[in-house]
Amino acid sequence: MTRELTYEVKGQKIIIQDHSEGHKFGEGGIGDQPPHHNIRPEYNTRTGQVDGMEDHYYFDKRNKK
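This is the structure in structure tokens:
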């Protein structure tokens with residue numbers, strides 16, 4: 003599940019995607035990703051990029067349930 007937060011920065015709407023659970027894609031862990039956030043433009047939330055931002059912002063998950 004992804005939570006999305008929308009902000010307006012300098013007249014441009016950006017989406018912060020919260021992937022706190024990370025991704026578990028395939029057998030053997032190929033393509034898996036730890037918890038992270040993505041920063042996307044409003045018009046392309048799947049693969050879009052915002053100038054000056056990284057692809058992913060990884061973090062350690064503190065409250066594992």
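Counting from 3, one number per residue, gives the positions in the sequence shown under the working numbering. Don't be surprised by glycine CBs; every beta carbon is placed ideally from N, CA and C. The structure displayed is predicted, hence computed values, not measured ones.
(request) Would you list the residues sitting across from residue 39 in a DSSP beta bridge? (result) 20 and 59
(message) Can you look up residue 44 in the DSSP assignment and give me helix, strand or coil?
(response) coil
(request) Might you give, ordered along the chain, the residues of its own chain that have their beta carbon closer than 6 Å to the beta carbon of residue 35, omitting 5 neighbours on each side? (result) 24 and 25
(request) Please report how far the alpha carbon of residue 56 lies from the alpha carbon of residue 28, in whole angstroms. (result) 24 Å
(message) If contacts are defined as beta-carbon pairs under 8 Å, then residue 46 and residue 58 qualify, I think. What distance do you get, rounded to the angstrom?
(response) Not really, about 16 Å apart at Cβ, beyond 8 Å.
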